[in-house]
Structures are given as structure tokens and as C-alpha cells.
Amino acid sequence: MVDNGIDRKIAVILATDVVGYSKHMEVDESKTIKNLRFCEKILNDLIDKFKGRLFNTGGDSFLVEFTSAVSAVECAVEFQKSIQKRNSLEETSVKLEFRIGINSGDVVKEKKNLLGDGVNIASRLEALSQPNGITVSKVIYDFVKGKTEYEFNDLGIQTVKKNQFHAFDLILNKTQIRQIKKSKFKRQFIGSFLFSLVLLIGIISFFSLHKEPIVKSSLGNRISLLILPLELKSDNKDLEFLASGLNDQISITLGTYDELYIFDKTSVEYFTDKKIPAEKLYEQQGVKYLLAGNIQSIEDKSRVTLKLENLKKNKVIWTKSFNFMNKEIFEIQDKISDAVLTEIIPNVMSLSVADEFAKNEFSPKVYLNRLKARVSFEKHSPEGIQEFSELLRINRKLEPNNLYLDVDEAWMLMGEIWFGVSQEYEKNVTKAYELTLKVLKIDPDYPYALSLAQLLERKFLGMKEKACSRLEKMVNITNDPSILSSAGSLARDCGNFKQSLLIFKNIEDKAPHFRLWFKKDFAWTFLISEYLKKIEDFDEAKVFILNQLEKQFQEDGVNEMWLSMLAYIASKEGDIKKAQNYFNQQSKMTNPIDVIWSKKYPDILDENPQFRDNFFKELEKLGMKL
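The sequence shown runs contiguously to residue 824 in our numbering.
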């Protein structure tokens with residue numbers, strides 16, 4: 199079980215704030231706050247009316263989620279009209295004005311909050327908007343232009359704080375028609391053009407040197423899956439938005455599984471452009487599974503059809519259609535995402551396991567339930583653990599004498615502690631260890647039992663020497679990156695730094711798309727090894743961490759860790775200004791390191807107290823308080 203659960207979806211985001219709020223507060227704080235509360239009441243009433251959800255507020259700013267682009271626009275229009283009407287009244291002492299931006303895109307759910315580019319661009323559109331105005335992205339414009347009577351003014355491609363997007367003003371009155379000065383964006387446009395030209399030349403050069411993508415060498419033991427763009431069989435161009443969003447969502451969902459190799463967009467485009475037949479995809483590129491589909495629409499009804507094909511066996515192994523009303527466009531994405539988790543993944547993995555591995559400890563039905571249980575576990579929530587427990591109960595009934603299910607129960611017991619279901623810490627740890635040893639007595643080489651046993655011994659039971667004795671076996675019994683990554687951390691904590699670095703480097707070479715938590719442990723090994731003089735070149739650690747950060751991984755709590763590592767490196771090198779900048783960035787994020795490492799992940803550094811003290815000493819210089 200790995201610590202990587204990211205909940206993504208496509209959402210419509212409305213962002214709004216008050217124009218010149220600080221100046222109003224300086225003039226008359228009391229009246230400004232009073233009038234803001236009236237405006238906030240108007241907004242909340244309209245949010246309820248148009249079935250939105252307020253998910254974040256910062257005093258004079260508000261972020262609202264909608265399931266419908268039309269509803270978001272209608273809400274924005276009524277709000278601006280209501281505010282202007284209120285401002286026209288003589289008794290309104292402080293006349294507040296608002297800017298509004300609306301966008302639709304990929305977001306990450308974090309409890310009740312939403313994060314990601316979908317939210318960021320909505321905020322940038324709001325900043326671009328005029329007082330009393332509404333500015334929308336092209337996605338929103340394309341979706342509502344045929345469904346409303348509003349007029350729009352095309353602002354073209356705009357750049358705000360490094361975000362580039364195509365923007366439109368919604369025209370509430372003719373005085374709002376504007377032309378943004380081109381000079382402001384001229385240099386940015388030239389820079390973008392030159393970058394695009396260089397990129398184009400690079401792409402042309404790449405494909406001239408590489409006639410086709412080389413992927414077989416990077417597959418290892420992973421299951422290869424190619425996801426083709428959904429084919430749009432409709433004149434309804436609004437559904438292009440759905441097709442693109444679904445493709446991204448499916449790729450993200452499937453990409454979280456270590457066992458799967460998902461072909462990148464460059465490879466997909468190459469295969470599509472060259473019209474490579476299915477049999478060649480398998481023979482030449484090692485593509486074992488192909489997921490394709492289409493979207494059809496008649497009037498206000500649409501259908502998405504997906505098909506999963508086993509190219510090795512040349513047969514369709516799964517197909518399903520999803521019928522929906524066009525107004526349910528966002529709800530259908532969640533349904534399809536659920537089907538990916540509960541139907542596509544089990545089909546791919548169970549069949550592959552049967553094909554690729556001689557040893558199978560479970561019947562197909564039990565194995566399918568275990569895959570579903572894994573999905574539930576990775577929700578990292580009490581609800582997920584309860585689902586896991588119920589599936590385990592079913593599997594126990596189906597195979598009451600299967601001792602390998604004891605490992606699942608052991609993971610469940612630890613999950614109850616980690617995700618707040620149980621407070622019986624000692625009882626759960628003791629029971630989990632007993633169950634794990636029971637399985638190892640029957641099968642000493644079972645990798646998932648070994649992995650959990652050493653974790654319990656190393657982190658919970660004070661049996662580090664016993665855990666270290668399992669290292670050699672863990673390295674030699676499997677190629678599973680998750681098991682090997684645990685072995686890498688074990689080697690580090692046992693003082694075998696060279697072996698730890700070698701294990702992590704091998705994973706990086708063979709499974710470059712493996713999950714972020716592995717790369718975090720890899721980075722820690724670099725830094726600790728350097729501090730203890732176990733590696734000669736500190737630059738190696740620096741380059742690795744910089745490269746990983748540049749990939750912009752987004753996992754709860756991890757970006758903060760990367761930034762803190764960079765702050766530490768900069769501080770050690772004497773560049774306090776850069777170090778302070780990194781530290782300030784992480785301190786503004788959801789889980790600043792003083793919370794994460796003092797409460798959530800204390801064990802990360804406990805095995806190396808000298809390095810831990812040195813690390814925190816550097817960060818305390820920058821303002822961290824424990």
C-alpha cells in the first residue's frame with residue numbers, strides 16, 4: 199500500500215473579489231465591512247439559487263464551484279447586476295465593486311477545498327477583469343455562447359503571472375467593450391513565439407532522429423496501456439471539452455498505478471498520426487492493452503462508449519456505454535472515472551497477472567475484490583478503510599482458509615491507525631505483526647508480508663536489527679518498485695547508504711514514472727548521505743532535487759518537502775536570499791513543513807538525529823518554529 203491518493207475532477211470555478219478593498223478599509227473600516235457582509239449575503243443567495251458551492255474565501259475574495267458553466271455565468275451576471283443596483287441607492291454608504299473570472303479545468307480535491315490550474319486560471323481571469331465586469335476563459339465561452347444571449351468581447355491570448363490563456367469579456371453594457379494594449383504583452387508574445395519556434399524545431403529534430411518512440415526498454419514488468427483520444431461523432435462542438443477532459447481524467451486515474459505503463463501524449467500523437475495498426479502496436483512497441491472510445495450526441499442527449507482491447511490476444515475484453523443528458527456533463531465524468539477504477543483496472547491487472555505470473559495466491563473473484571480494496575485504501579480516509587474492511591470480509595467468506603488474506607487484514611489494521619478509525623495503537627500494531635509473521639512462516643518469500651514486517655519492526659516495534667536482516671531478501675525476491683523502494687529506505691535506515699542509493703537509482707532507471715513518494719525518499723537518501731560524507735559530490739543531490747521539483751509534482755505535503763529541501767541546500771551554500779524564498783513558498787502552502795514533520799512524518803528524520811538537527815537548524819534560521 200502506498201501513500202499517494204490524489205482526487206481529481208473537472209470543475210467550473212468562479213473567482214471574485216472587491217476592487218480597491220484596502221483603500222475602502224483605510225477610509226472607513228466599519229462601513230466597508232458592513233457593506234461587504236451585505237454583498238456576501240447577495241452572493242450566497244445566488245450560489246444557492248444556481249446550485250454552486252463556496253469552497254474558499256479570503257475576506258474580500260470568494261471561490262465558488264459549479265457543475266454547469268451556464269449556471270456559473272448566470273450567477274455572475276445576476277450578482278453584478280444586483281451589486282450595481284445596490285450601489286445606485288443613495289443610502290448605500292460604501293459602494294463596493296467586484297471583478298469576476300470564470301474558468302473550467304482540472305482541479306484537485308483536498309477535503310472541502312479545490313486546488314490546481316482550474317482554480318489558478320479563474321483567479322487570473324478575475325485579476326484581468328474590469329470593475330463590475332466578468333471575464334471568462336475560452337472553454338467557458340465555447341460552452342455558453344450557444345446557450346445564452348450574452349455578447350462577448352474577444353481579448354485574445356493573455357498572460358498573467360506566467361499563466362497564458364484565451365480570454366473573453368462578457369458584455370453587460372457597451373461601456374465595457376475594451377481593447378487591451380498590445381504593448382503590454384508584446385514582449386511576452388515574441389518570447390512565446392520564439393519559444394514555440396525552438397520547440398517546433400526540437401520536435402522536428404527529435405522525430406527525424408527517432409523514427410518512432412522507443413518504449414519497450416522502459417516497460418520492465420509493467421503492463422502497457424495506450425489511451426487513444428475519444429473520437430467525437432457529433433456536430434456538438436461543446437462536447438470537445440468533455441472529450442478532452444475525460445481523456446485527461448482517465449490518464450490521471452490509471453497513471454497512479456505502479457503496475458501500469460501509460461504512454462505519454464507524444465507517443466499517442468505519433469501512433470495516431472502514423473495510423474499504426476493494432477497488431478504492430480503490440481509487436482513493435484509492446485502495447486498490450488488499447489483503450490479507445492467515442493462520443494455521440496443527438497439533440498440534448500449524448501453517449502460515451504469505451505472499449506478495452508487485449509492486443510496480444512487480439513480481442514475486446516471490456517466495453518461499456520454511458521448515456522447522459524448534456525446538462526449532466528460533469529456528473530458523467532465522475533461515473534466514468536468510477537468505472538475506470540472498478541472495471542477497467544481490475545480487467546487489465548487481473549488478466550495480466552494471470553498471463554505474466556505463474557504464482558497466483560487468489561481466485562479471480564477474490565483478486566478483483568482486492569484490487570477494489572486497494573482503491574478504497576488509497577482514499578486515505580476513514581470511509582476508504584471501512585470499504586476496505588467490507589471487501590476483506592467478503593474475501594474471507596469466499597476463501598476462509600486463504601492465509602494470504604492475513605496480510606490484507608494487517609494492512610487494514612495499520613490503515614485504521616493512520617486514517618483515524620481506531621485509537622488502539624498498540625493492539626493494532628501487535629495484531630498486524632502477528633498476522634504478518636503467520637504468513638511469513640508459511641511463505642518466507644512473500645514480498646508484501648516482508649515489506650510490512652520490516653516496516654513494523656523498523657518504525658513501530660523497536661526491532662531495527664530484525665528489520666535490517668530482511669534487506670537482502672527484499673532486494674532479491676521481486677522487481678516491484680514499491681517493494682524495492684521500501685528496501686531502499688530500509689537500507690538507508692540500516693546505515694547502508696551506498697546500497698540504498700543503488701536501489702533507488704535502479705528504480706529511477708527502470709521505472710521513471712513511479713510515484714512521487716519514492717522520489718522523496720530517494721532525495722532524502724542523497725541529502726543524508728552527503729551530510730554523513732557517504733557520497734562525495736553534494737551537487738548530485740542538488741541536481742536530483744532540482745530536476746524533480748521542475749517536474750511540478752502535486753501530492754499533498756510533498757511539494758512542501760521539496761521546497762524545504764531546496765531551502766536547506768541554498769542555506770548550506772550561503773545563499774540566504776534564495777533559501778528564504780524557498781522557505782516562504784512552502785510556508786504559504788497547505789501543509790507547511792513545521793506541521794508535516796513535527797506531526798505527520800516525524801519518522802522521516804528520526805533515524806539520523808545528527809542530520810535532523812542540522813536540517814532543522816538551517817530552517818530555523820529562515821523562520822521555522824517547532
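Even for Gly, the Cβ is constructed at its ideal location relative to N, Cα and C.
In this structure N806 is buried. Its beta-carbon is surrounded by 16 or more other beta-carbon atoms within 10 angstroms.
Sequence-distant Cβ neighbours of V275 in its own chain, meaning closer than 8 Å and more than five residues away, are I332, Y348, L368 and L370. The Cβ neighbour count for D215, taken over all protein chains shown within 10 Å, is at least 16; the residue is labelled buried. By the 16-neighbour rule on beta-carbons within 10 angstroms, N567 is buried. For K431, the CB contacts under 7 Å within the same chain, skipping 5 residues up- and downstream, are N492, I493 and Q494 in chain order. When beta bridges are read from the DSSP output, G299 appears opposite A213 and T333. In the three-state reduction of the DSSP assignment, N311 falls in the strand class, which pools E and B.
The region 467-539 is shown to contain whole alpha helix (DSSP H) runs of 4 or more residues at 476-483 and 527-537, in chain order.
Burial check for G250: the Cβ neighbour count within 10 Å reaches 16 or more, so the residue is buried.
Between I474 and V502, the beta carbon gap of about 25 Å keeps them out of contact (Cβ cut-off 8 Å). By alpha-carbon distance to K577, the top candidate from K293, T255, K309 and I208 is K309. Cβ contact annotation for F702 (same chain, cutoff 8 Å, sequence separation greater than five): S683, G686, F716, D719, F720 and T723, in chain order. With respect to G299, A213 sits close: the two C-beta atoms are nearer than 8 Å.
Of the residues assessed, L730 falls on the exposed side of the cut-off, its CB having fewer than 16 other CB atoms within 10 angstroms.
The C-beta distance from W609 to L635 rounds to 14 Å, too long to fall under 8 Å, and the pair is not in contact.
Residue environment for M523: exposed (fewer than 16 other C-beta atoms within 10 angstroms of its C-beta). If one requires a minimum length of 4 residues, the alpha helix (DSSP H) runs lying completely within the region 627-684 are 645-657, 662-666 and 669-674, in chain order. Contact check for L234 against L312 fails: the beta carbons are separated by 8 Å or more.
Per DSSP, E429 is one residue of the beta strand (DSSP E) stretching across E429 to K431.
Contact annotation: V217 and A267 have beta-carbon atoms that are not nearer than 8 Å. Across the structure, L488 and I726 are spaced so that their CA atoms are roughly 43 Å apart. Rounded to the nearest whole angstrom, the C-alpha separation of D304 and S321 is 14 Å. Distance between S769 and K786, taken at the CA atoms: about 19 Å.
The three-state reading of DSSP puts Q356 in strand, counting E and B together. Going by beta carbons, L428 and N445 fall inside the 8 Å limit. DSSP places K345 in the coil class of the three-state scheme, outside both helix and strand. Looking from the CA of I281, the closest CA among G693, A689 and F296 belongs to F296. Excluding five sequence positions before and after R284, the CB atoms of its chain that fall closer than 6 Å to its own CB belong to T290, given in chain order.
For L506 against I515, the beta-carbon gap comes to about 6 Å, under 8 Å, which counts as contact. Uninterrupted alpha helix (DSSP H) stretches at least 4 residues long and entirely within the region 241-288 occur at 267-286, given in chain order. Unbroken alpha helix (DSSP H) stretches of 4 residues or longer found wholly inside the region 762-792: 774-785, given in chain order. The continuous alpha helix (DSSP H) containing I583 extends over residues P580 to L596. Per DSSP, the continuous beta strand (DSSP E) segment holding I460 begins and ends at L458 to I460.
Beta-bridge analysis with DSSP links A365 to S335 and G354. Per DSSP, the beta-bridge partners of L423 are I460 and Y487. The shortest C-alpha to C-alpha distance from K662 to any of I592, R690, V337 and E581 is the one to R690.
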